[in-house]
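2 protein chains.
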Amino acid sequence: MKAPANSFTQNAISCNACSLRHLCIPNGLNKDELEELERSIDKTVKIPKKHELYKANEDINGIYAVKSGALKTSIINSEGQEQILEFHLPGDLLGFDAFATNTHSCDAIALEDSLLCKLPMEVFENLCDKLPGLRRVMMQQIGKEISHSQHLLLSLGQLPTEERLASYLLQLAEHFHARGFSKSEYILPMSRQDLSNYLGMAVETLSRIISRMSNDKLIKIEQRKVIITDIVKLEKLAHASCGSA
Amino acid sequence: MKAPANSFTQNAISCNACSLRHLCIPNGLNKDELEELERSIDKTVKIPKKHELYKANEDINGIYAVKSGALKTSIINSEGQEQILEFHLPGDLLGFDAFATNTHSCDAIALEDSLLCKLPMEVFENLCDKLPGLRRVMMQQIGKEISHSQHLLLSLGQLPTEERLASYLLQLAEHFHARGFSKSEYILPMSRQDLSNYLGMAVETLSRIISRMSNDKLIKIEQRKVIITDIVKLEKLAHASCGSA
DNA sequence: CGGGAAATTGATGACTTTCAAGGTGTGTGG
DNA sequence: CCACACACCTTGAAAGTCATCAATTTCCCG
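Top line first, the protein sequences correspond to chains Z and B. Heads up: the first sequence begins at 34 in this note's numbering, then just goes up one per residue. Heads up: the second sequence begins at 34 in this note's numbering, then just goes up one per residue.
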């Protein structure tokens, strides 16, 4: 059996050689700190599509960095209704929802076969005492997640569906651009179902908005491949809630 | 000019004598820690109605505990649209949104004349190094806020307006009950405008839902006074998204 | 007591969901 | 390699929810 072309079976490489180095924990660390970190990381965590990395109410096991693939974190209420909180793409960190309580507050599930690095909790705590850089990374990460929730709340609470999608498509474009990819073309990491859930609308509504944007030549879309063809109009759409001007 | 009857002009008392002691920072501290804390607290912060305690992008100044009154935290986008993130009532802590970055991520505004205790940032940081109890309080608080956002996201993203209100009214009832008040009767700390914003709906929609609940005898409401008259039905409403049973 | 803000109510229409059907793509087993 | 089954996505029609506009009414503050 030959290895598939994707990275699900790729071998572990050093943090230094990792293309996600500057997005990941190492970015906040100096050379010595990095060496110490590297000795403690498990680089072989594999989560197949639809499987869970952790569940709500589980004790925290460690924190994770996404190397390839994609995951979602979500909460589910007593009626079984799900709300996706965040999508986690390569270079993103994961697991900080348990940071304050040592217990996860949401589920983390792989959207596709995913490969992660794991920093076990005991190690993380020890290293935190020793490495100021790591504490800083941790703080930044918590800050990012808080800020992310706040923006999503504004989006769900105040924006009509079309604007919610427009602004999220732009956000994703920025995300990929910041990682060295095209700023106008990317592959959606999630299904329509998951995207519509995240944006608080029905799948059909999402599908219709996509079709309309496509007709209006703001974007081209084939399956999960998105091309932003008129970023100016898309931005206008993303911000246009009040009058004419 | 004689002093008004409300607590806006009340004098500072010791943490030990404070009726909110067990909800506040002291709850996580032992006797020595508490003494140390008490020496550092400014108990005289007054914020008049509609005035701000802090604004987004300001450096953090300290953390606060609400003694009387009520505040809201909210973010505002480039179009001037506001989303209220949380209401802060007596016994609640405030200011942790800046914890990770040292910069506030939202505005905090008084809904009525409010009285707060302030723990200045330098002191807080010093004390954190010395007092494990304080670190614990801080962590709990961050965990609470994360969890709060997550539940609000689920509410805004997945629930119809009526269920959003029903579950928030119950949440408030629990809140007050946990603080020694009636579990079925309380005063709403915010205007209809603010409540509707928080719940992601139009004021008129909120008003109609309130009227309907009132007609259906789930609640009685006069101005801001809420009496839950049929908690069973209200709970059913709060959770009823799927079928019959 | 008067003016203005806040809250309620009604009528209307836009937006969104739901239900249903059909199409497209993917993966598995023959 | 093809075919079939299934999941995913799109589209249409109809119904329902919710927002907006407008008009009162009520409450609150000076």
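Idealized CB from N, CA, C, for every residue including glycine.
Within chain Z, the residues that residue i reaches when beta carbons sit closer than 9 Å
i, result
"GLU145 of chain B", "Those do not exist, as GLU145 of chain B stays about 23 Å from chain Z at its closest Cβ, beyond 9 Å."
Chain-ordered chain Z contacts of residue i [CB-CB under 7 Å]
i, result
"ARG108 of chain B", "For the record, residue 108 of chain B in the displayed sequence is Ile; it is not Arg. Chain Z residues near ILE108 of chain B: GLN183 and LEU187."
"GLN118 of chain B", "In the sequence on display, residue 118 of chain B carries Leu and not Gln. Going along chain Z in sequence order, the residues near LEU118 of chain B (Cβ under 7 Å) are GLN183 and LEU186."
"ASP130 of chain B", "ILE179"
Residue burial classification, residue i (beta-carbon count within 10 angstroms, cutoff 16)
i, result
"THR136 of chain B", "exposed"
"ASN230 of chain B", "buried"
"ILE138 of chain Z", "Checking the sequence shown, residue 138 of chain Z turns out to be Ser, not Ile. Burial call: buried."
"VAL265 of chain B", "exposed"
"GLN226 of chain B", "exposed"
"LYS163 of chain B", "exposed"
"ALA36 of chain Z", "Here ALA36 of chain Z scores only 41 on pLDDT, less than 50, and its place in the model should not be relied on; the value that follows carries that caveat. It counts as exposed."
"PRO81 of chain Z", "exposed"
"ILE220 of chain B", "exposed"
"HIS121 of chain Z", "buried"
"ASP65 of chain Z", "exposed"
Proximal chain B residues relative to residue i, where beta-carbon distance stays under 7 Å
i, result
"MET246 of chain Z", "Those do not exist, as MET246 of chain Z stays about 20 Å from chain B at its closest Cβ, beyond 7 Å."
"HIS272 of chain Z", "SER111 and GLU112"
"GLN173 of chain Z", "ALA133"
Three-state secondary structure (DSSP) of residue i
i, result
"THR106 of chain Z", "strand"
"ALA38 of chain B", "Residue placement at ALA38 of chain B is flagged as unreliable, the pLDDT there being 44, under the threshold of 50; the coordinate-derived value follows with that caveat. Reduced to three states, the DSSP call for ALA38 of chain B is coil."
"ILE58 of chain Z", "helix"
"ASP92 of chain Z", "strand"
"HIS137 of chain B", "coil"
"ILE261 of chain Z", "strand"
"GLU112 of chain Z", "coil"
"LEU152 of chain B", "strand"
"CYS275 of chain B", "A caution first: CYS275 of chain B carries a pLDDT of 46, below 50, which makes its placement in the model too unreliable to give a value."
"LYS9 of chain B", "Nothing in the structure corresponds to residue 9 of chain B, since chain B is present only between 34 and 278."
"PHE157 of chain B", "helix"
"ILE46 of chain Z", "coil"
"LYS76 of chain B", "strand"
"ALA145 of chain B", "According to the sequence displayed, residue 145 of chain B carries Glu and not Ala. Note: GLU145 of chain B maps to coil in three-state DSSP."
Beta carbon of residue i nearer than 9 Å to that of residue j
i, j, result
"ILE242 of chain B", "LEU198 of chain B", "yes"
"LEU239 of chain Z", "LEU228 of chain Z", "yes"
"TYR97 of chain B", "ALA131 of chain B", "no"
"GLN191 of chain B", "GLU268 of chain Z", "no"
"LYS287 of chain Z", "GLY95 of chain Z", "Here chain Z has residues from 34 to 278 only, and residue 287 of chain Z is not among them."
"ALA50 of chain B", "LYS76 of chain B", "no"
"LYS100 of chain Z", "LEU67 of chain Z", "no"
"GLU119 of chain B", "THR106 of chain B", "yes"
"ARG212 of chain Z", "LEU56 of chain Z", "yes"
"LEU270 of chain Z", "LEU232 of chain Z", "no"
"ILE93 of chain Z", "MET154 of chain Z", "yes"
"MET223 of chain B", "THR194 of chain B", "no"
Listed by chain order, chain B residues near residue i by CB distance under 9 Å
i, result
"SER138 of chain Z", "GLY176, ILE179, SER180 and GLN183"
Contact set between residue i and chain B, taken where Cβ atoms lie within less than 8 Å
i, result
"GLY233 of chain Z", "LEU189, GLY190 and GLN191"
Whole-angstrom C-beta distance between residue j and residue i, which should lie under 8 Å
i, j, result
"GLY176 of chain Z", "GLY61 of chain Z", "At roughly 13 Å, the Cβ-Cβ gap does not stay under 8 Å, so GLY176 of chain Z and GLY61 of chain Z are not in contact."
"LEU187 of chain Z", "ILE254 of chain B", "Going by Cβ atoms, the distance from LEU187 of chain Z to ILE254 of chain B rounds to 28 Å, so no, they are not a contact pair."
"VAL236 of chain B", "LEU149 of chain B", "With a Cβ gap of about 28 Å, VAL236 of chain B and LEU149 of chain B do not count as contacting."
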